[in-house]
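Each residue of the sequence shown is one higher than the last, beginning at 1 in UniProt numbering.
Structure first, commentary second.
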Amino acid sequence: MLTVSTLGTFHMMWNGITLKEKDIDDKDEIRLLLFLILYRKKPLMEVQLSIALWDHEAFSSERTIEEIFNSLQNKIQSKFGDVLFVIREDNTYRWNEEIKVNFDGEQFAMLVTQALSECDLKSNIEIYERALTFYKGDFMSEYIDTSWISTRNTYYHNLFVYAVRGLAELYCMTEQYEEIEELCHGALLIENSDDLLYGYLIKAYVRKGSISLAMECYEQAKIVMEQKMKIKTSGILDKVYKEFIITNKDEASEEITMEYIEALENQDTGVFECSYPIFREMYKIEVTESIRYKRESQILLIKVDDFDENSYPSALSDIQQAIRESLREGDVVSTYKKNQYIILLSRCNYEQSMLVANRILSRLYDEDLWYSEDVIKISVVSQSVSDTNLLD
Numbered sequence: 001m002l003t004v005s006t007l008g009t010f011h012m013m014w015n016g017i018t019l020k021e022k023d024i025d026d027k028d029e030i031r032l033l034l035f036l037i038l039y040r041k042k043p044l045m046e047v048q049l050s051i052a053l054w055d056h057e058a059f060s061s062e063r064t065i066e067e068i069f070n071s072l073q074n075k076i077q078s079k080f081g082d083v084l085f086v087i088r089e090d091n092t093y094r095w096n097e098e099i100k101v102n103f104d105g106e107q108f109a110m111l112v113t114q115a116l117s118e119c120d121l122k123s124n125i126e127i128y129e130r131a132l133t134f135y136k137g138d139f140m141s142e143y144i145d146t147s148w149i150s151t152r153n154t155y156y157h158n159l160f161v162y163a164v165r166g167l168a169e170l171y172c173m174t175e176q177y178e179e180i181e182e183l184c185h186g187a188l189l190i191e192n193s194d195d196l197l198y199g200y201l202i203k204a205y206v207r208k209g210s211i212s213l214a215m216e217c218y219e220q221a222k223i224v225m226e227q228k229m230k231i232k233t234s235g236i237l238d239k240v241y242k243e244f245i246i247t248n249k250d251e252a253s254e255e256i257t258m259e260y261i262e263a264l265e266n267q268d269t270g271v272f273e274c275s276y277p278i279f280r281e282m283y284k285i286e287v288t289e290s291i292r293y294k295r296e297s298q299i300l301l302i303k304v305d306d307f308d309e310n311s312y313p314s315a316l317s318d319i320q321q322a323i324r325e326s327l328r329e330g331d332v333v334s335t336y337k338k339n340q341y342i343i344l345l346s347r348c349n350y351e352q353s354m355l356v357a358n359r360i361l362s363r364l365y366d367e368d369l370w371y372s373e374d375v376i377k378i379s380v381v382s383q384s385v386s387d388t389n390l391l392d
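This is how it looks when you write it as structure tokens:
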């Protein structure tokens, strides 16, 4: 069994021998290995791997996939011996089915999913606790400039916060306030802008009689959320602090989380297509990360303004296809309204987002001239995620 760890630090273990990131010491090789592991259930063409590694620069790279793969293979074999994890046939790469993989991200997601459907209180707590032992830090955080890694990083991070919230709520029900304090302290080192986590910690302090610590935690939360994160302190903190009551779980949020898990687990390589509620959740996290990492990201709105009713269904189908073919691995798209599509472009400035828009429109024009002959009119709006009003 090959054990792969990606949450916090990257390393692999095979027959008691550990291969660490420094043993490979090449970002392209790490990304290639990770992509092959994540999508090990299907054969992958060289062009897919090139796009995964280099995005829009895939066809101008000085290195080839074959070159990177051979170098990676040599480093793995120098550590593990003549084991063949990946089989290369012409321009296709497929995982060796005889090599079983224990991947920490998959174990973590599976356990959180299991906890969501567990009814027994004690078992539910045990499953959440076991799940959180896998999460030792964010997923491949040094590689989040790669879109599909960034998307999965956001997914696991969001799942981590949700799991901590869920376990904290169960601890409240069983009055395990020492456990809440330890849980939230650790979680806030990873996610220090979540109002619910502060709320649970304040509640634990209050129930233990540590009112001064509760006040200090409340003030710290206000500083982080109002000054550092540039967002207003939510009513959740005020409610917990002033009234010292438990914040009820949001059933709608649970439904979104379940859909989020299912959508990503069933996702093929390519653009991440999701429902609008999930899009909003990913947008909120992108706003936080844009501030935290001081990077630009854009919201792109594609809208069909005027159209012939007879041509409308075909137009929507063409637009969907053009979007799929024009976006990067891991970009997020959703249907916004009946005649609108909304796209989340991580690590993109305004000029880059308009290049993406032009690429989408160009594909439409190549598909059929009616888009350029005013039979169907399409408009594009791009705004920064930090100041957009598109989602209001």
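No residue lacks a Cβ here, since even glycine has one placed at the ideal position from N, Cα and C.
- If you check the CB distance, Y156 and L34 do not come in under 9 Å.
- For Y205, the number of other beta carbons within 10 angstroms of its own is at least 16, and it is reported as buried.
- At the C-beta level, A168 and L121 stay beyond 9 Å of one another.
- Bounds of the alpha helix (DSSP H) holding T154 are 147-173.
- With respect to the 9 Å criterion, V86 and Q77 are not classified as neighbours on the basis of their beta carbons.
- For Y39, there is no enclosing alpha helix (DSSP H), as DSSP marks it with neither H nor E.
- Taken in chain order, the whole alpha helix (DSSP H) runs of length 4 or more contained in the stretch 59-97 are 65-80.
- Distance between C217 and I202, taken at the CA atoms: about 6 Å.
- Under the Cβ criterion (8 Å, minimum of three pairs), the stretch 319-329 does not count as touching the stretch 286-296.
- Between N91 and M45, the C-beta spacing is below 9 Å.
- Looking from the CA of E97, the closest CA among I37, L116, F108 belongs to I37.
- S117 carries a helical assignment under DSSP once its states are collapsed to helix, strand and coil.
- According to the DSSP assignment, L197 belongs to the alpha helix (DSSP H) that extends over 195-207.
- Between E273 and V332, the CB-CB gap stays under 9 Å.
- Taken through DSSP and simplified to helix, strand or coil, K337 comes out as strand.
- According to the DSSP assignment, Q383 belongs to the beta strand (DSSP E) that extends over 377-384.
- Put simply, the backbone Cα of K222 is about 30 Å away from that of L116.
- Along the length of the stretch 6-32, whole alpha helix (DSSP H) runs at least 4 residues long occupy 21-24, reported in chain order.
- Under the three-state reduction of DSSP, E273 is assigned to strand.
- The beta carbon of I343 sits closer than 6 Å to those of L300, V333, all from its chain and outside the five residues before and after it, given in chain order.
- In terms of Cβ geometry, S379 and I302 form a close pair [threshold 9 Å].
- Beta-carbon to beta-carbon, T146 and R31 are separated by about 6 Å, close enough to satisfy the 8 Å threshold.
- For V47, the uninterrupted alpha helix (DSSP H) segment begins and ends at 46-54.
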